[in-house]
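Read top to bottom, the protein sequences are chains A and B.
Per the numbering used here, residue 284 is the first one in the first sequence, and the count goes up by one each step.
Per the numbering used here, residue 284 is the first one in the second sequence, and the count goes up by one each step.
Just so it is clear, CB atoms sit at the ideal spot from N, CA and C, and this is done for glycine as well.
From a predicted model like this one, the values you see are computed outputs, not experimental measurements.
I have placed the structure first, in the form of structure tokens, so that the comments after it can refer back to it.
Protein chains: 2
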Amino acid sequence: MRLIRAVEPLSPQVQILDPFWSSYTELVRNAVIPYQWEALNDRVKDAEPSYAIRNFRIAAGLEKGEFGGFVFQDSDLAKWLEAVGYTLASHSDPELENTADEAIDLIAAAQHENGYLNTYFTIKEPGKQWTNLTDAHELYCAGHMIEAAVAYYNGTGKRKLLDIMCKFADYIESVFGMEAGKIRGYDGHQEIELALVKLYEATGEQRYLKLSQYFIDERGRQPHFFLEEWEKRGKTSHWVKGIVPPPNLEYHQSHLPVREQSAAVGHSVRAVYMYTAMADLARLNGDTELKAACETLWNNMTGKQMYITGGIGSTHHGEAFSFDYDLPNDTVYAETCASIGLIFFARRMLQLEVKSEYADVMERALYNNVLGSMSKDGRHFFYVNPLEVWPKASERNPGKHHVKPVRQKWFGCSCCPPNVARLLSSLNDYIYEVSVESNTIYTHLFIGSEAEFKLTAGKVSLKQHSELPWKGLVQFTVKPEVGGSTFALALRIPDWCQGKPPVMSINGDLADYREEKGYAFIERQWGEEDIVEWNLPLQSQLIVAHPEIRANAGKAAIVRGPLVYCLEEIDNSAPLASLSIAADTPLTERFEAGILGGAIVVEADGYVKNAAEAWSHGKPYQPLGLQTEAAPLRLKAIPYYLWGNREQGEMHVWIRT
Amino acid sequence: MRLIRAVEPLSPQVQILDPFWSSYTELVRNAVIPYQWEALNDRVKDAEPSYAIRNFRIAAGLEKGEFGGFVFQDSDLAKWLEAVGYTLASHSDPELENTADEAIDLIAAAQHENGYLNTYFTIKEPGKQWTNLTDAHELYCAGHMIEAAVAYYNGTGKRKLLDIMCKFADYIESVFGMEAGKIRGYDGHQEIELALVKLYEATGEQRYLKLSQYFIDERGRQPHFFLEEWEKRGKTSHWVKGIVPPPNLEYHQSHLPVREQSAAVGHSVRAVYMYTAMADLARLNGDTELKAACETLWNNMTGKQMYITGGIGSTHHGEAFSFDYDLPNDTVYAETCASIGLIFFARRMLQLEVKSEYADVMERALYNNVLGSMSKDGRHFFYVNPLEVWPKASERNPGKHHVKPVRQKWFGCSCCPPNVARLLSSLNDYIYEVSVESNTIYTHLFIGSEAEFKLTAGKVSLKQHSELPWKGLVQFTVKPEVGGSTFALALRIPDWCQGKPPVMSINGDLADYREEKGYAFIERQWGEEDIVEWNLPLQSQLIVAHPEIRANAGKAAIVRGPLVYCLEEIDNSAPLASLSIAADTPLTERFEAGILGGAIVVEADGYVKNAAEAWSHGKPYQPLGLQTEAAPLRLKAIPYYLWGNREQGEMHVWIRT
């Protein structure tokens, strides 16, 4: 199935109206976006400064000063603008729009005559443009600003930033490519590839698609661009002084041409941004070889290198994948941006071929790793999303310094917070997919919303009411513009229903459905207003990990629907490692209104082996026989996404059985 | 009790004759020492070069060239010479002695007119002596050469190296101290302190003892020497270019005056070398405050920060202690040198006060961490001694790159191999202690040996025959020079006998004994030749860890007498994490002659949860209910010290119960 939507609006008109998610999209609008604007302007007290706006002011000649922050600092403003674009698409906000327009004026003022735009190379290393693609993130920053331009254009209809970025993209096209005189290179951090696809979709300009294809296909070819560039540069690096070893090609996913890559390796955000573009290109060009590469990489990454929370990238060294089944819970990385990129990739895979496993992973990453990265107040963030925390170890063991037990206000490298903002403000784009030709509306995510779709069979308005994640009832109100038209609804059958098929009813009557690739299809002639009820069996389960995932041997995680649960010290007794769960006792569920805005908590029988009295001798080891019996106790688990919002303490997702 | 032995030979005359240990002391003599000489001369193929001899040749003006290796490279030659000194004390070897004498001639030629000796500052940074005590290891190298000088003097009676080092020590005394015009500093790596005590004991010169006391007492005082030095140096470091942050004072154990330190922190080898000197000084000066500090540090380190193998220092970041109960098995450091230093410290604590717990720890570190660090051929070494190994993780997860699954030939920083050599070649010094005044001979370690002691009651010859570690029978033949003299034997009651007191017989008759501080005392009038049999209950046990040691929750280790056991992949099935041991089934023991020179292996009933067929869906997670039953299997454990001597594979000390 190919869903080609070039030069069409990027997504159907969807407005989120959901008791669970609306609070987050509102939080992004009312707290995250204004807060991040303050952060970009270095006005958040006790937080690391961003320098992003200041850099643009200096580059525009409005202020004197040194460049501040990382070489890729421009991208933080871009991601913020992108989020603003999504927000303005669903909610008018003249003041915010005005602020954004002023930022865009600043960007315009910082652009060079020839279209080039990058504050680092404007302020700090003029004349050194395009001399260190490996490290310097020039095309990465360009890509983010293109994404912002497209989102802002779609959200407001204003072309100014789009024109700025078309001009830059045209200039990039004149610099890069296989033709003589051009640089036959690509960026060290993939991003421009997926952005150019968006620019193509927004403008209809085929050459942006071709440029994206060039960057993807050139990557990893011999002779190797990064190695040649490194030689030419005198074997230097942007990051450290002096002569450095050649770049790590796996880190940049350029160790092989992309079609020959079979396992997710290297920096995880780079990887998923690249896979996203690959899936886009496979779809838009009907490129079956590229599609097969996407599937292979998807299978490896989600089958062997993904945490149960949808986190990817298990080592903080290079923020990278390590290898199959190496998923330590305590030294984990699972960067927020990586899970967001995984959601991008999953969405593109759904556009390539609707299969529920893609949406399952999207949902897993969204409800757990991504949602958990942000505090309830929208002003504190995790960069690293651990599955096991011992605060003292984070403080005293340098191998765990990267694992923070509390969310931070901002980061020197603050890629994650604005990434959360742009994902949540565009969440409406992830709920549905339509196949115009086959008159099918797919529902991937069960998020309350009002939507309108154009099918060959005519316009359809669809209202979704969802009680997830707390209850399994989802209700669709289907209203075709023309009553009696025939089209299909396809509702995802989540993987967490395993073994218990969801029950469908139409206008109160039980209804059969055809199952295909994990979706329940109802193709029928619809009335003027039909009600489809979709009852998802929602119950807490103990989930175990593949035996090759050594870190989880002998352990289980509590999962309820899309939500992964965890134990926190405040609800249980420390050390959490001394607790175990009885594998055969029922998991009881209880809605606790007082906990962090209300949530279902799960309780279970467990045991504690603590027995301080048996250890009065002060020695660290003793015979098993001297140990006192494990004492029964009641375990209480809360949804993972809520952890770390009360007092600092231990947290465990995986519990010994 | 104070055992003052200043200006007496460092130890009683003891010769090891033991079926288990003689093979190791012979290995050191016949393989390790010759091999390391080749390594010091850069003649080991495919191993990292040492440069140690070459540096001395260049410093002596015999060769032209650049300094090679680390700033502390001289200490490798020193440790080798020290081991040679110990070896020559028990075995004449004219050829080896000749080689060592030539090396000493080289050292003499490299010494400056004023006594200064250090090849780095002679070759690479002349004029920069004593400008970076924090980083540059000058006094550390001096300390190791002093230890070598004392050992070589004791072993051969030759004074040349002793005179060289007295001259250097005299010069050091003129440079350091509280008097005006002297540097009021101390070394970044403690070592000189314990070495000066040895020099005092060898020469009787009180001022060496006083200089040691100065270095110990000055450490950590305000204003802080390392901070002042760093300012004065222009905030630079030996290790990295440019301006650096102030030195980490905990790393160097100089965050507080030593008497105020209550927990083991920082670089673990530095720590235990310092504690060793503290215990020496507490004993020699009758300094009860310093003794109390030693006891506090001992209790923290061995009660809360020690692996079951006697490894210490749980993080490779700074090769350091992290904090109480943080003892991860897979990202472990447990450096070989640190366990050797722990043995030094334990011995000094025994000299301060005979308590079996000191000898228990000494034995634990010796039979497991230290012995396991060397291959059966004496030519390959571990620097890091893990309790859990997954070879692929060592290769592909950068957080575990320091954990090698196979022993290495030599290291760029090769402190550990010569440290093993000097410990094993002086192992005879660790078996006994005598209290001359109270006419007591203490046996700390059950290692077959022939010894002669001088007591107030007269000379005693003692022959020990030990069947450890395989059998629990130890037999002593006691022959006083004058029959009928009265003195006491005190035999350690190992902690692994817990609950089952060892049985003593004298000349075949069961004998009572008085127990004090973990030692069995028999004070009697001895005949011309009496036979004391000491039957230690030796059986495999499952040992559990303190509940605060999160890494070992729900797990047990197999321990038999002094030996910790482990599972290796070759004897069991991978992944080892999927195996568990039945807590209540008997552990069976079997001598396996064919395994690595013969060893008792332990077998037990266990289970495997693998069930590849249940995972055919390719997903990493599934409900607990879908899991197949654990299948029974027979587990086979080998002594930890033998691991990694067959093919590369997984290894686990701690097994799920």
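Q) Taking C-alpha atoms, which residue in Gln691/A, Gln473/A and Ile776/A lies nearest to Val552/A? A) Closest by alpha carbon: Gln473/A.
(Q) By alpha-carbon positions, which one of Thr868/B, Pro845/B, Pro830/B and Ser856/B ends up nearest to Ser856/A? (A) For Ser856/A, the closest C-alpha among the options Thr868/B, Pro845/B, Pro830/B and Ser856/B is that of Pro830/B.
**Q.** Distance between Ser597/A and Val827/B (C-alpha atoms, nearest Å)
**A.** Rounded to whole angstroms, Val827/B to Ser597/A spans 29 Å at the Cα level.
Q) If you draw a straight line from the C-alpha of Glu933/A to the C-alpha of Ile447/B, how long is it? A) Glu933/A and Ile447/B: Cα-Cα distance of roughly 56 Å.
Q. Quick one, which of Gly661/B, Ala562/B and Gly593/B has its alpha-carbon nearest Ser306/B's?
A. It is Gly661/B whose Cα lies nearest to the Cα of Ser306/B.
**Q.** 6 Å CB neighbourhood of Thr871/B in its chain, flanking five on each side removed
**A.** Residues Glu886 of the same chain have their beta carbon placed closer than 6 Å to that of Thr871/B, with the five preceding and five following residues left out of the count.
Q. For Arg288/B, which residues of its own chain have a beta-carbon under 6 Å away from its beta-carbon, when the five flanking residues on both sides are left out?
A. Low per-residue confidence applies at Arg288/B: pLDDT is 35, beneath 50, and the placement is therefore not dependable, though the value from the model is reported in the following sentence. Cβ within range, chain order: n/a, list empty.
Q) Can you tell me the Cα-Cα spacing of Gln370/A and Pro377/A, whole angstroms? A) Residue 370/A is actually Thr in this sequence, not Gln. Approximately 12 Å between the Cα atoms of the pair.
**Q.** CB-CB length for Gln394/A against Trp363/A, believed under 8 Å
**A.** Actually they are not in contact, since the Cβ atoms of Gln394/A and Trp363/A sit about 18 Å apart, beyond 8 Å.
Q. Hey, is Glu831/B's beta-carbon within less than 9 Å of any beta-carbon in chain A?
A. Yes, Glu831/B counts as interfacial toward chain A.
Q | Contact the region 761 to 780 of chain B vs the region 839 to 852 of chain B: 3+ CB pairs below 8 Å | A | Yes, the region 761 to 780 of chain B is in contact with the region 839 to 852 of chain B.
Q: Give the secondary structure of Trp926/A by DSSP, where H, G and I count as helix, E and B as strand, and everything else as coil.
A: Here Trp926/A carries a coil assignment [DSSP, helix/strand/coil].
**Q.** Buried versus exposed, by CB contacts within 10 Å (16 or more), Ile724/B
**A.** Taking all protein chains in view, the Cβ of Ile724/B is crowded by 16 or more other Cβ atoms within 10 Å, so the residue is classified as buried.
Q.
Taking the straight line between their C-alpha atoms, what separation do you get for Ala322/B and Tyr334/B?
A. Whole-angstrom Cα-Cα distance: 9 Å.
**Q.** Where Thr723/A falls: helix, strand or coil (DSSP)
**A.** In the structure shown, the three-state DSSP call for Thr723/A is strand.
Q: Check distances from the C-beta atoms of the region 522 to 550 of chain B to those of chain A and list, in chain order, the residues that come in under 8 Å.
A: Listed in sequence order: Lys524 and Gly525.
Q) At a Cβ threshold of 9 Å, is Ile681/A touching chain B? A) Checking the sequence shown, residue 681/A turns out to be Pro, not Ile. Yes - at least one Cβ of chain B is within 9 Å of the one on Pro681/A.
Q) Any residues in the region 788 to 815 of chain B with a beta carbon nearer than 9 Å to a beta carbon of chain A? Which ones, in chain order? A) Per Cβ criterion, the list is empty.
Q. Do Ala834/B and Leu825/B have their CB atoms nearer than 9 Å?
A. For Ala834/B and Leu825/B, no; Cβs fall outside 9 Å.
Q. Which residues of chain B have a Cβ atom closer than 9 Å to the Cβ of Leu907/A, listed in chain order?
A. Chain B residues near Leu907/A: Gln824, Leu825, Ile826, Val827, Ala839, Ala866 and Thr940.
Q.
I need the DSSP call for Pro915/A, collapsed to helix, strand or coil.
A. Pro915/A carries a strand assignment under DSSP once its states are collapsed to helix, strand and coil.
Q.
Just checking: is the beta-carbon of Trp581/A within a distance shorter than 9 Å of some beta-carbon in chain B?
A. Answer no: the Cβ-Cβ gap between Trp581/A and chain B never drops below 9 Å.
Q.
Please report whether the beta-carbon of Ile776/B lies at a distance below 9 Å from any beta-carbon of chain A.
A. Chain A has no Cβ within less than 9 Å of the Cβ of Ile776/B.
Q: Compare the C-alpha of Tyr904/B against each of Ser749/A, Thr585/A, Val743/A and Gly801/A and name the closest.
A: The residue among Ser749/A, Thr585/A, Val743/A and Gly801/A with its C-alpha nearest the C-alpha of Tyr904/B is Thr585/A.
Q. Considering Glu396/B, what are the terminal residues of the alpha helix (DSSP H) in which it resides?
A. First-last for Glu396/B: undefined, no H or E at that position.
Q: Could you pull out every residue in the same chain whose Cβ sits closer than 6 Å to the Cβ of Arg631/A, ignoring the five residues on either side in sequence?
A: For Arg631/A, same chain residues with a beta-carbon under 6 Å away, outside a window of 5 residues either side, are Thr559, Ala562 and Asp563 in chain order.
(Q) Taking a contact to mean a Cβ-Cβ separation below 9 Å, would you say Phe945/B touches Ile406/B in this structure? (A) Lying outside 284 to 940, the shown extent of chain B, residue 945/B is not represented and no answer is given.
Q. Cβ of Ser861/B within 9 Å of Cβ of Ile938/B?
A. Note that the C-beta distance between Ser861/B and Ile938/B is not below 9 Å.
Q) Taking C-alpha atoms, which residue in Arg326/B, Gln822/B and Leu772/B lies nearest to Ala803/B? A) The residue from Arg326/B, Gln822/B and Leu772/B with its alpha-carbon nearest to that of Ala803/B is Leu772/B.
(Q) Helix, strand or coil, according to DSSP, for Arg288/B in the structure here? (A) For Arg288/B, the predicted model reports a pLDDT of 35, less than 50, meaning its position is unreliable; a value from the coordinates is still stated below. Of the three classes helix, strand and coil, the one that applies to Arg288/B here is coil, per DSSP.
Q. Would Gly468/A pass as a contact of Leu416/A if the rule is Cβ separation under 9 Å?
A. Less than 9 Å separates the beta-carbon of Gly468/A from that of Leu416/A.
Q: For Arg843/A, write down the residues that DSSP places opposite it in a beta bridge.
A: Paired residue(s): Ser823/A and Leu846/A.
Q | Bounding residues of the beta strand (DSSP E) (the contiguous stretch that carries Met461/B) | A | Per DSSP, Met461/B is not a residue of any beta strand (DSSP E), being assigned neither H nor E.
Q. Leaving out five residues before and five after Leu690/B in sequence, what residues of the same chain have Cβ atoms less than 7 Å from its Cβ?
A. Looking at the sequence provided, one finds Arg at residue 690/B rather than Leu. Around Arg690/B: Ser658, His663, Phe664, Phe665 and Gly927.
Q) Leaving out the 5 sequence neighbours to the left and right, which residues in its chain are closer than 6 Å to Glu462/B when beta-carbon positions are compared? A) So the list is empty, once near-sequence residues are dropped.
Q | Cross-chain neighbours of Ser863/A in chain C, by beta carbon under 9 Å | A | Absent from the structure is chain C; the protein chains it does hold are A and B.
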